[in-house]
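Residue numbers (our numbering): 53 to 135. A short write-up of the structure that comes next.
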């Protein structure tokens, strides 16, 4: 039983590490703010982390493109959230 629990724990930690690395690659990229996997991962993050991610994307793409889903201002979907 302990061996099964250890394997499950290792798989869960590995999945979290892979998803975290993929999300970090998305928010720090400089090529594509509309990566579907990155946007989905961004939407699952807690609010403070999601906000930091949006600020990173805004720093890289602020005036070049519209904000991706989740980084739009509540009153105007064509502008970035303030931060």
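Glycine included, C-beta positions come from ideal geometry on N, C-alpha and C.
Enclosing alpha helix (DSSP H) for residue i [first to last residue]
| i | result |
| --- | --- |
| residue 95 | 88–96 |
| residue 68 | 54–79 |
Alpha carbon of residue i to alpha carbon of residue j, nearest angstrom
| i | j | result |
| --- | --- | --- |
| residue 58 | residue 70 | 18 Å |
| residue 73 | residue 128 | 30 Å |
| residue 120 | residue 60 | 34 Å |
| residue 117 | residue 96 | 23 Å |
Bridge partner(s) assigned by DSSP for residue i
| i | result |
| --- | --- |
| residue 104 | Beta-bridge pairing links residue 104 to no other residue. |
Nearest residue (CA-CA) to residue i, options the options
| i | options | result |
| --- | --- | --- |
| residue 94 | 83, 78, 84 | 78 |
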